[in-house]
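Report on the following structure.
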Amino acid sequence: MPIVHLIHGYLGVGKTTFARRLEREIRAVRFSPDEWLTRLYGDDPPAERFDDFMTRVFDIANEQWRAVVRCGADVILDYGFWTRSWRDAARAGAAELGADVRLYALSCPEELARHRIQERNRNLRGSVFVADATYDALKSRFLPLQADELTGVVHVDTTGAAVRCPE
Ligand SMILES: Nc1ncnc2c1ncn2[C@@H]1O[C@H](COP(=O)(O)OP(=O)(O)OP(=O)(O)O)[C@@H](O)[C@H]1O
Ligand SMILES: [Mg+2]
Numbered sequence: 046m047p048i049v050h051l052i053h054g055y056l057g058v059g060k061t062t063f064a065r066r067l068e069r070e071i072r073a074v075r076f077s078p079d080e081w082l083t084r085l086y087g088d089d090p091p092a093e094r095f096d097d098f099m100t101r102v103f104d105i106a107n108e109q110w111r112a113v114v115r116c117g118a119d120v121i122l123d124y125g126f127w128t129r130s131w132r133d134a135a136r137a138g139a140a141e142l143g144a145d146v147r148l149y150a151l152s153c154p155e156e157l158a159r160h161r162i163q164e165r166n167r168n169l170r171g172s173v174f175v176a177d178a179t180y181d182a183l184k185s186r187f188l189p190l191q192a193d194e195l196t197g198v199v200h201v202d203t204t205g206a207a208v209r210c211p212e
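Residue numbers (the working numbering): 46 to 212.
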């Protein structure tokens, strides 16, 4: 049974780094929408167009990960999954396809995430530019996992430089 790996966490906690590592360690196709967005629209699209661009990217990504799962392969969704409804939709989508779900909750101290983003902003290589003000402004959109979502969650603290993928 294919597994849909969901990567959850706020900005800069190391989701894409972790997803890339997971992709190297298991047989899975990784979907990191930021990489698609930056290739299509640049690494700092205008704020007023951002949601529209992201919606287009997600429309394609969501079709494609389902197609991959139908072929029997695992997928890694490096989406962040900031809301309950987003997570529920992914779980329902996987269930419809008869796939299992594994949810990874990534975290690190805020200061570290901010520092990493500032460093990354200097050499984006497929990441989106995130201003300090954006980090603050988007916080209210992030809803941590709720109590009934915690069963089976793989918690990954990315504070240490070498984050290993759990079995
Ligand atoms: N475990 C780690 N140790 C050291 N540096 C890390 C670690 N994880 C990520 N980084 C670095 O921190 C920066 C942010 O990581 P990454 O891009 O993976 O975060 P993200 O959660 O995907 O961010 P975003 O929410 O913007 O997509 C990158 O420059 C990355 O190289
Ligand atoms: Mg990322």
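C-beta: ideal position from N, C-alpha, C; glycine also.
All figures in this text were calculated on a predicted structure; none of them were measured in a lab.
Let me check you understand the geometry: is the CB of residue i closer than 7 Å to at least one non-hydrogen atom of ligand 1?
i             : result
threonine 61  : yes
glutamate 164 : yes
glycine 54    : yes
Name the two residues that bound the continuous alpha helix (DSSP H) containing residue i.
i          : result
valine 199 : Looking at the DSSP string, valine 199 is not in any alpha helix (DSSP H); the run it does join, the beta strand (DSSP E), is 199 to 202.
Could you check what DSSP says for residue i in three-state terms: helix, strand or coil?
i            : result
arginine 170 : coil
serine 130   : helix
glycine 138  : helix
valine 113   : helix
Give a yes or no on whether the C-beta atoms belonging to residue i and residue j are separated by under 8 Å.
i                 : j             : result
histidine 64      : aspartate 119 : Sequence check: residue 64 is alanine here, not histidine. Cβ distance not < 8 Å, so alanine 64 and aspartate 119 don't count as in contact.
proline 78        : alanine 112   : no
glycine 57        : arginine 159  : yes
valine 173        : leucine 85    : no
histidine 50      : arginine 147  : yes
phenylalanine 126 : histidine 53  : yes
isoleucine 121    : glutamate 68  : yes
How about residue i: is its Cβ closer than 7 Å to a heavy atom in ligand 2?
i             : result
aspartate 123 : yes
Grab the span of the beta strand (DSSP E) containing residue i for me, first residue to last.
i            : result
tyrosine 124 : 119 to 125
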